Amino acid sequence: MIEVREITRTFAGRGGLVRRGGVRALRGVSFTIPDHGAVSLIGESGCGKTTLGRILCGLEDFDGGDLVVDGQSLAALKPAQRAPYFRRIQMIHQDPYSALNPTRTIGQILADPLGLRARQLGKGGGWLADRRAELLGLVGLDPDYVLPRYPHMLSGGMRQRVVIARALTVDPEVLVADEAVSMIDVSLRLGILQLLRDLRDEVGVAVLFITHDVATARYIGDGGRLHVIYRGTVIEQGSTDTIIQHPVHPYTQCLLSAIPVLRGIESPAPARLAPTAPLDDRQEPPGCLFEPRCPLAAPECAQRQPPLSQLGGTAQEHACLFPKARPVVAVPAGLAAGQGD
Amino acid sequence: MTTTVTLTPEQLERAMRRSRRRATGRWRLFVSTPGRAAACLIVVVFALMAIAGPYLYPANLPINPDNIYAPPSLAHPLGTDFEGADTLALIVTGARYVLLAAAIAAIITMVIGTAAGLAAGYYPRLAGPAIMRVTDFVLAIPGFPVLLVLSTIWQFGSLVQMGVALGVFGWGGIARAVRAQTLSLRERGFVEAARGLGLPGRRIISTELLPNIAPYIGMNLMLTLTGFIYTEVGLFFLGAVSYSSSNWGVMLNNAVFQANAVTSTRALAYLLSPLICILLITIALVTLANAVDEFFNPRLRRI
Amino acid sequence: MTRITRFSRAAGPAGQTGRAGGPAGTAVAAGRAAAPEREGQLAGAAAVQVQDLTVAFSTPAGLLPAVSHVSLDLARGQITGLVGESGSGKSTLALTLLNAVPQPGQVTSGSVHIDGVGDVLGLHGPALRRARGARIGYVFQASQNSLNPLKQVGKQLLDLGRSHGERDLRGLLSKARRLLDDMGMDAERVLASFQHELSGGMRQRVGIVFALVLNAHVLILDEPTTALDMLTQASVMEIVRKVHAEHHLTTLIISHDVGVIGDLAHRMAVMYAGRIVEEGPTEAVLAGPRHPYTRGLLAAMPRITGDAGLATPLPGRPPDLASIPRQGCVFRDRCPLAMPECEQAEPPVTVTSDGRQFACYAAAGDAA
């Protein structure tokens, strides 16, 4: 189990006379990734979700807060001692084209971390080749076909499967998938999403799914939790299905409204919302962070910052002074629009 | 490329054999086009000349005061020099100093430059700043003038001295270039993944970074080699280094300052011979630079 | 700054705006009913006619077609969407509309007839350049990165005007300002900006301004929303809808994303391995796809509605130039309905009475 506790991260400002002060990428984000769980982080680009994923994998430092991996607080450890804990959290990069060394064959790419693992586990020579074939089978690839090949000979979908197999070589607890399907051919995306779902069941690995496309979050399996991130804070969270069916924060509603409508099989929702302005991370409003862009902002919203609070007796939490469910998600054609939410 | 994913054992065996052959076949890249084959031939001929040249002729070349600055003839294919010695023999015996010194310098440059650049790029916080200060210092030393000054002390009688002197002052550029490449590769997914998987730094540098920078280093090596040849020839041509051995730079010096080859045509062959040799080597090395890129980069390989 | 508070769907097809609150089925039905009427108003003629177009690339393995015998009409005043995966030939097709086939490609058959220009493939030199700017506006795939990083946007705009021999540069600038204003941007600021000072969505809009500033009436957008996040994508889509309607354009949108096409386009064409395998009114195609590839693509699409458990991945992988079958149907390796005749010859195009077409033996059998 991985606990993220009030993680903060500020990037140094670009210096110069004009722009002092840094960008607050994360302002205290907390959530838990349970064993075998599926947690999704949703938000637009620049909201801090990618930074958070990189912090979890040890590719980026955090300023404040704590990361607790299986009961061990990482803030209490020196950076050099954190490495074994970060190894339990493996990153699946967005771009499968740059995630594999172009000068090595798939066999070599997988042999390196497996060799390390074999030494840790005290396994003999045959183990490596068996395990390599087993992992490739697990991600749905034919070892005989891929092992002697270089990455550029494989399709994007196959490469992403190799990346996943490589991450699995060290038997991680969590896979962090940052926009893991956005650079893959459309017809192959669902396959990767279903693979992540299946790995949860078969290997027991948890998945942290980072995306701007809420729809894909539905496909990584049951029991998923979803956290909507806006400018480095969680503004709404709950179970994936609840948030998609029943969002109460206007920002979440904007994100869901922005999903294209497949005309002919879906009808646009009656209450679609869009932000009134593009993201400007230089503004530091005194009240709600979303207030300057919120289509429904009230005068009060500029006064005070809404805390993350429970929605009347449910497990859903939100950070809005005026939470209200609105039908913002497209409804399947043939259903009355009112029944969709 | 095939669309079927399943291979029969025989097919697989064939594929493996093909890939093994491909590994050795990589060397064929250097002769894959007529231009490259010619370039390879030139490099090989000059390399042999540098190694074996002095053994082909007596230590003191026969001279003939009655036949100085002779035009090319059957007996003297490239004519003769100011004391009637055969120009071809001078070219062949003079190749060693210029080429071997340049090769020593290039090897020193490559080793120090690559090591410094990789270390500075992969450990940007720890080793980076210190290494880069040293690199900047080396870059700031004006190489040619320093060599001119050094030549008053050392004479550069031995080609090893010359090679070391050139190499020690010449690695700054490669170090900077390698560091820049390393810094950008460091952000690439596969290097981040290797770190995340817990592979040791040495291994990441040798298997993830180096093979991806190798084409770059290889191409740079080719260009550095030609640069060193120019520098050496320049030093001798200016007469800054008192010559105790015969080499191409000395020949040029003699041709211009003793035979006035620039204003008269009588020593044209004597002047042009070393120039054309230098030109041939330069063209050959630049041609092979592309082959080096393909050699290391599986994506560019056509065979 | 833009103050769009709701997604206006006014420019959307068939006036779904006010009806969305009502039963969705009616809205769709109303849309279908309205379509012929509009076509009647617009005289039904195509602004761009692609006929039997084949574009082949010469490779070590021989001359391989990236686009094969494609015929496509872009109806005047409508948005046509072209959906395809990487390697389907959709970008090659779009570039051919500009007579700008990338080397080592060559057009081996067919014609591209554009209103007021004639056959683009017959044009060369100055005539071709005039046609490209003044008749056809093209927003490139990487248009977010296709601005010159060393020059301000305004200067690049003037360069564009000069290279097209535009005399009235002042008029050109004021046209650009008007377009930028319409798109909800601060025109003066944008014109004085360098590329790095603009966000991805803003660059995309600048790309559209460049395409339209010389009064083009055909607009081609190649992957206009790729690499943008959902919110920016929605605003770019809104802008495309708006400029399309306000400037009475004929628009072609190329995308790998069925969602973008399904939301924006009046008609859609599905491309696979260099062929258009299905074409028709968007709503009809999405509601009842005929070609098994279209069906597979829809079933494999992560969607916000519907049962996530019913989604099925499309087996196999999209072919590249070298692995496209030379004989028979190009989709048969991935097709659940493949029959013996699919091996023999490419299926002919079936045109149905409701204005749809598809190239599939199995679907043709069903329709008959």
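Residue numbers (the working numbering), protein chains in the order written: chain U, 1 to 341; chain G, 1001 to 1303; chain A, 2001 to 2368.
Yeah, the Cβ is synthetic: ideal placement off N, Cα and C, and Gly gets one too.
Values in this document were obtained by computation on a predicted structure and should not be read as measured data.
At a cut-off of 9 Å, the C-beta of G:Pro1211 has a neighbouring C-beta in chain U. Counting other Cβ atoms within 10 Å of its Cβ, G:Trp1027 stays below 16 and is therefore classed as exposed.
Under the DSSP assignment, U:His227 falls in the beta strand (DSSP E) whose first and last residues are Arg225 to Tyr230.
Following the DSSP letters along the chain, one finds A:His2244 inside the alpha helix (DSSP H) bounded by residues Met2230 to Glu2246. U:Ile229 is outside the set of residues whose beta carbon lies under 9 Å from a beta carbon in chain A. Non-local beta-carbon contacts of U:Cys254 in its own chain, meaning distances under 7 Å to residues more than five positions away in sequence, involve Leu273, Ala274 and Pro275 in chain order. Residue state for U:His318 is assigned as strand, using DSSP reduced to three classes. In the structure shown, A:Ser2174 adopts helical secondary structure according to DSSP, grouped into three states. Cβ-Cβ distances below 6 Å link U:Gly37 to Ala206 in the same chain, with the five nearest sequence neighbours on each side left out; the list follows chain order. U:Ile164 counts as buried, since no fewer than 16 other beta carbons sit within 10 angstroms of its beta carbon. Secondary structure at A:Thr2350: strand, using DSSP grouped into helix, strand and coil.
In the DSSP assignment, A:Val2112 is bridged to A:Val2050. Residue state for G:Ile1104 is assigned as helix, using DSSP reduced to three classes.
Using a Cβ-Cβ cut-off of 9 Å, G:Arg1202 is close to nothing in chain U; its nearest Cβ partner there is about 12 Å away.
The beta-carbon of U:Gly53 is placed no less than 9 Å from the nearest beta-carbon of chain A. Under DSSP, A:Ile2136 forms a beta bridge with A:Val2218. Setting aside the 5 residues that flank it on each side, A:Pro2224 is surrounded in the same chain by Val2139, Gln2204, Val2236, Val2240 and Ile2253, each with a C-beta closer than 7 Å to its C-beta; the list follows chain order.
Assignment of G:Ser1073 by DSSP, reduced to helix, strand and coil, places it in the coil class. U:Phe209 has U:Ser40 and U:Ala177 as its beta-bridge partners, per DSSP. For A:Ser2071, the enclosing beta strand (DSSP E) starts and ends at Gly2062 to Ala2075. Among the residues of chain U, none has a CB under 7 Å from the CB of A:Gln2141; the nearest is roughly 14 Å distant.
With its beta carbon less than 9 Å from one in chain U, G:Glu1208 belongs to the interface. Residue burial is scored here from C-beta neighbours: A:Glu2246 has fewer than 16 other C-beta atoms within 10 angstroms and is therefore classed as exposed. Linking A:Leu2169 to A:Met2202 through their CA atoms gives a straight-line distance of about 23 Å. By the rule that beta-carbons nearer than 9 Å mark a contact, U:Asp185 touches chain A. Per DSSP, the unbroken alpha helix (DSSP H) holding A:Asp2159 starts and ends at Val2153 to Ser2163. The beta carbons of G:Gly1121 and G:Leu1185 sit closer together than 9 Å. Here the alpha carbon of U:Pro143 sits roughly 7 Å from the alpha carbon of U:Gly137. The count of Cβ pairs closer than 8 Å, one atom from the stretch 1072-1084 of chain G and one from the stretch 1120-1139 of chain G, stays below three, leaving the stretches out of contact. Counting every other CB atom within 10 Å of its CB across the protein chains shown gives U:Thr32 a total below 16, marking it as exposed.
Scanning chain U for C-beta atoms nearer than 7 Å to the C-beta of A:Ala2234 yields Ala258 and Ala274, reported in chain order. Inter-residue distance for U:Val29 and U:Arg9 is about 10 Å (C-alpha atoms, whole angstroms). With respect to the 9 Å criterion, G:Arg1202 and G:Ala1194 are not classified as neighbours on the basis of their beta carbons.
With a threshold of 16 other beta carbon atoms within 10 Å, A:His2217 meets it and is buried. Counting along the chain, A:Ile2276 sits inside no alpha helix (DSSP H); it lies in the beta strand (DSSP E) bounded by residues Arg2275 to Pro2281. The alpha-carbon of G:Leu1048 is positioned some 21 Å away from that of G:Ile1108.
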